[in-house]
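Structure first, commentary second.
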Ligand SMILES: CC(C)(COP(=O)(O)OP(=O)(O)OC[C@H]1O[C@@H](n2cnc3c(N)ncnc32)[C@H](O)[C@@H]1OP(=O)(O)O)[C@@H](O)C(=O)NCCC(=O)NCCS
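See below:
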């Protein structure tokens, strides 16, 4: 069992996934690990999601624009990840045993910082949130609810963060 407040030894790594780079063995391996984490974390929300369908979704996005990923590792093991474009947070997931230690908060903060400081000229960051924990996390990081929507799988809340 992982103890709370012991996360100082976790390491963070950033990756940029582009159409040209997405089949590079290192990028593909990271993307597959992130896909596994997302599929396992969203099993209650979207039970039909598979690694292969997630990878297709990633390919669709990277056909048009770069995708950014921040991962948290404990040793070599990926325990959390956030995936985003220059104006949208696409997914965030932390492995169940590593939740409630601040990993989610750090991932959101890193994504906001990177979007604000280096990659975006947009005025807002948006995200679709499917869970109460997600809503609390994004609210705490300055996102405000905008509107409710629904995919064929489940309802979601669109939240937005102004870039000042
Ligand atoms: C949402 C998710 C990414 C949050 O990850 P996390 O690493 O647990 O997030 P944090 O630890 O930063 O914050 C979660 C809670 O832990 C608390 N916490 C943070 N650091 C803490 C610490 N050191 N000690 C005790 N509690 C702590 C936070 O206050 C927060 O409490 P709250 O739920 O009452 O608001 C994770 O629950 C997850 O992967 N869920 C499944 C997928 C999902 O819901 N994605 C999000 C939206 S679609």
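Residue numbers (our numbering): 16 to 179.
Idealized CB from N, CA, C, for every residue including glycine.
Rounded separation between residue i and residue j - CA only
{"i": "residue 164", "j": "residue 143", "result": "9 Å"}
{"i": "residue 33", "j": "residue 49", "result": "16 Å"}
{"i": "residue 84", "j": "residue 159", "result": "23 Å"}
{"i": "residue 40", "j": "residue 78", "result": "18 Å"}
{"i": "residue 63", "j": "residue 54", "result": "9 Å"}
{"i": "residue 150", "j": "residue 172", "result": "8 Å"}
{"i": "residue 58", "j": "residue 68", "result": "13 Å"}
{"i": "residue 113", "j": "residue 153", "result": "18 Å"}
{"i": "residue 130", "j": "residue 36", "result": "20 Å"}
{"i": "residue 174", "j": "residue 155", "result": "12 Å"}
{"i": "residue 136", "j": "residue 82", "result": "16 Å"}
{"i": "residue 145", "j": "residue 51", "result": "18 Å"}
{"i": "residue 90", "j": "residue 28", "result": "12 Å"}
Assigned secondary structure, residue i (DSSP; H/G/I helix, E/B strand, else coil)
{"i": "residue 172", "result": "strand"}
{"i": "residue 153", "result": "helix"}
{"i": "residue 147", "result": "helix"}
{"i": "residue 40", "result": "helix"}
{"i": "residue 106", "result": "strand"}
Cβ separation of residue i and residue j, assumed to be a contact under 8 Å, to the nearest whole Å
{"i": "residue 176", "j": "residue 127", "result": "7 Å"}
{"i": "residue 45", "j": "residue 109", "result": "Actually they do not touch by this definition, with Cβ atoms about 16 Å apart."}
{"i": "residue 76", "j": "residue 101", "result": "Going by Cβ atoms, the distance from residue 76 to residue 101 rounds to 11 Å, so no, they are not a contact pair."}
{"i": "residue 5", "j": "residue 107", "result": "This structure leaves residue 5 out entirely; the chain is present only between 16 and 179."}
{"i": "residue 26", "j": "residue 88", "result": "5 Å"}
Would you check if there are 3 or more beta carbon pairs closer than 8 Å linking the stretch 92-110 to the stretch 119-127? With a cut-off of 8 Å, the stretch 119-127 and the stretch 92-110 count as touching, because enough Cβ pairs lie within range.
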